[in-house]
Each structure stands twice: as structure tokens, then as C-alpha cells.
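Participant: Taken in order, the sequence shown gives residues 3 to 356; the numbers are from this note's numbering.
Glycine residues also receive a C-beta, built at the ideal position from the N, C-alpha and C atoms.
Just passing along the structure, written as C-alpha cells.
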Amino acid sequence: MRAILIAGGFGLIGTLLGTPLAIRLLVRKGYGQLIRDDGPTSHHTKRGTPTMGGLVIIISVVVAYAAAKLITGSAPSASAMLLLYLFVGLGLVGFLDDYIKVIKQRSLGLRSKAKLAGQAIVALSFALLALRFPDDDGRTPISEGISFIRDIPGWTLPAAVIVVWVLVMIWGTSNAVNLTDGLDGLATGASVMVFGAYMLINLWQSNQSCAINPGAKCYDVRDPLDLAVVAAALTGACFGFLWWNASPAKIFMGDTGSLSLGGAMAGFAIMTRTEVLLLVLGGLFVIITLSVILQVGWFKMSGGKRLFRMAPLQHHFELMGWAEITIVVRFWIISGLFVALGLGIFYSEWVSGL
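Dropping the structure here:
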């Protein structure tokens, strides 16, 4: 518990104090956000706002985890190190995307194929490594099963299929957070709730671990307590960054932040054996991603007609005349309801023993 509090505190302080320093540095370098010409006209006032703020989140999380380990004198676990690898690796892909945007002064950075390839390299290497490093009880950081709240009986698959499944999950989740990051503070605030939920889930799984309390209701998860430390660092770092990212945003996280945060969410779901539950916990991200899929699909099927005024969904409400802060707060409420529902499902499964 002490390591969790230390990680959360260092993560919060790191972004709360480090972000204004990053803002000054990025402004001096001229690394400002480019705005799409086809986006809402209200966004044109945001042109030039510093971007790549996700670097502050990444550095703060890594430092927070290292501080928690050093102060408590505990050794890092394989699961936590692999999750941080996924988090930082996808952040580097996002950084390349953001850097190309600001250097070439265009609203598009990496080409879509190059971005997907970068995500795939990180995701595949994470999956292959996470199927190794068994602990004394033979548990590896990820399993060869598909999970809802724990591995579904009879759904054990060949390692090659699991690697592909992990890739799809990381692709989907990282890009879902990226699509959500379109309004000031929207993705950051929703991420706080999801990572906070995973901190609670990991704590519960640690208390009810099969290594401590064997039985029908125990959780067969490797290193849940150390994963809770990472979740606390992420929660604190996102909270601190939100102080500067809330409307009117002084800095944007950019793809550096959105891809890394989305990857971390997928990593938590895979390592805690709650892969399908992530669809509930991250319900807001699912809805926003579906709005893009439906918009593109309907546009092609109808010969050019649009289902929404603009996708992702948050921009549809902007064009309907809703104030940006109204959309963000209401979407936060929706995200909070999904997180509460997900935690309720997780706990009720344990209570019922189903």
C-alpha cells in the first residue's frame, strides 16, 4: 500500500509541476498544435497550443514507479516492467507522429500504415515477452486464454493466436483513446477514471490472489500488487496533467500521450485477465470509436451521406452548438457511469462466485 501511495503522489507532483516547465520549453521551440481545416471552426483558436505533453505524463509515471520501488526497497516485477515497456514504446510512436506534425507544419504526422506498423512492433514484442517469465507457480504476465473477469474456461488458444489477439486489443484501445483526445481534458479525465478502476481491481486481485487465498474465487494473476503501483502512478500523472489540460487547455497530450495511455489500458486488461470487461470500463472510448466506424461505413454505403455532422462523436455535438466544456463534463459523467458499472460487474462476479 505504501508503494501505491508513493507512486500516485510522485505521478501527481511530476505532471503538476513538470507540465508548466514543458509548456515554456515547447512554446520557446515553437512546437504548437496544427489544426485540421475540416474540423470545427472553434478549434482554430487552439492553433499553436503546445503539444506533445504526453512526454510529461510518460516521464512522471516512470519516475513515480522507480521512486516507489527505491523508497520501499522492493524489486520491480516482470509484469510492471512489461507494462511500462508497452506504455513508453507506444508513447515513442506517438512522439514521432507529433514531431513530424510540428516540424513539417501539417495536421497529419506519420502515415497511417507507418503508425500502425510502429504500434504493431511494440505490441507484438510485448506479447511475445509477456508469454515468458513464469513465476514460481508457473504464471506468466499474460495467459493463453480469452478473459472477461478471469480466463473463460475452454477458451485457451495457441500462443500465436493470443499474440494476434493482444495486437488487436492494443491497436484498438490505443487508437480509441487517440480518437477521444479531441477536446480539452476529455481523454485525460476519462483515463483518470479507468486507471483508478484498475488500481482498485489490482488491489482486490492481490488480496484475493490464488497464491494467498486459494479457492474457487481467487484470481490467477501475476504481480497484481505491483500492477496497482503502476496504475496509481498513471492515475496521479493524469490528474496532475488535467490541471493544465482542462479547458482552456494550456497544453495538449498529443499522440504521444493518447497512444501510450491507450496501450496501458489494453495492457492492464490483458494482464489482469479482464479483457472483455475493458469494453465496459472504457465504454466512452468504445462509443466514440463506434461513431467513427458508423460514420465511415454509412458514408460508403449511402453514397456520400453522413450519419453524424462530424465524427468522432464529440465533434458532432460541437457542430450542434454545444459548448466544449458542456460536452467534456457530460462525457466525463458517461465515462464515470461506465467505470462504476464495470467495477460493479467485477465485484458482483466475486460475490456471486459465478
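Could you give the DSSP three-state label for residue 6: helix, strand or coil?
Facilitator: If DSSP states are grouped into helix, strand and coil, residue 6 belongs with the helices.
Participant: Tell me which residues share the same chain as residue 10 and place their Cβ nearer than 7 Å to its Cβ, disregarding the 5 neighbours each side in the sequence.
Facilitator: 234, 235, 237 and 238.
Participant: Helix, strand or coil for residue 144? Go by DSSP, reduced to three states.
Facilitator: Residue 144: coil per DSSP, three-state reduction.
Participant: Are there 16 or more other CB atoms within 10 angstroms of the CB of residue 314, so buried, or fewer, so exposed?
Facilitator: Per the 10 Å Cβ criterion, buried.
Participant: Are the segment 252-266 and the segment 153-170 touching, with three or more C-beta to C-beta distances below 8 Å?
Facilitator: Too few Cβ pairs lie closer than 8 Å, so no.
Participant: Should residue 287 and residue 181 be called a contact, given that it needs their Cβ atoms to be closer than 9 Å?
Facilitator: Contact: yes.
Participant: When you compare only the Cα positions, how much space is there between residue 325 and residue 55?
Facilitator: Whole-angstrom Cα-Cα distance: 24 Å.
Participant: Rounding to the nearest angstrom, what Cα-Cα distance links residue 150 and residue 278 in this structure?
Facilitator: Approximately 5 Å, taken between the alpha carbons.
Participant: Check the C-beta distance from residue 334 over to residue 192 and give it rounded, since I have them as a contact under 8 Å.
Facilitator: Indeed they touch by this definition, with Cβ atoms about 7 Å apart.
Participant: Report the option in 19, 13, 111 and 12 whose CA atom is closest to the CA atom of residue 246.
Facilitator: It is 19.
Participant: Suppose the cutoff is 8 Å on Cβ atoms and the five residues either side in sequence are ignored; what does the same chain contact list for residue 349 look like?
Facilitator: Excluding residues within five positions, the ones whose Cβ falls inside 8 Å are 206.
Participant: Do you know offhand how far residue 43's Cα is from residue 323's?
Facilitator: Unreliable positioning characterises residue 43 in this predicted model, as indicated by a pLDDT of 49, which lies under 50. A coordinate reading is not provided.
Participant: Between residue 274 and residue 209, is the Cβ-Cβ spacing less than 9 Å?
Facilitator: In this structure, residue 209 does not lie closer than 9 Å to residue 274 by Cβ.
Participant: Entirely within the segment 275-307 and at least 4 residues each: give me those alpha helix (DSSP H) ranges in chain order.
Facilitator: Listed in chain order, they are 280-283 and 285-303.
Participant: Could you check whether the segment 258-276 touches the segment 118-135, counting it as contact only if at least three pairs of C-beta atoms, one from each stretch, sit closer than 8 Å?
Facilitator: The segment 258-276 is in contact with the segment 118-135.
Participant: Please classify residue 106 as buried or exposed, where buried requires at least 16 other C-beta atoms within 10 Å of its C-beta.
Facilitator: By the 10 Å Cβ count, residue 106 comes out exposed.
Participant: Which first and last residues belong to the beta strand (DSSP E) in which residue 158 is found?
Facilitator: Run containing residue 158: 153-158, per the beta strand (DSSP E) assignment.
Participant: Under a three-way DSSP split, which group does residue 354 fall into?
Facilitator: Helix at residue 354.
Participant: Is residue 215 buried or exposed, if buried means 16 or more other CB atoms sit within 10 Å of its CB?
Facilitator: By the 10 Å Cβ count, residue 215 comes out exposed.
Participant: From residue 119 to residue 327, what distance separates their C-alpha atoms?
Facilitator: So the alpha carbons of these two residues sit roughly 35 Å apart.
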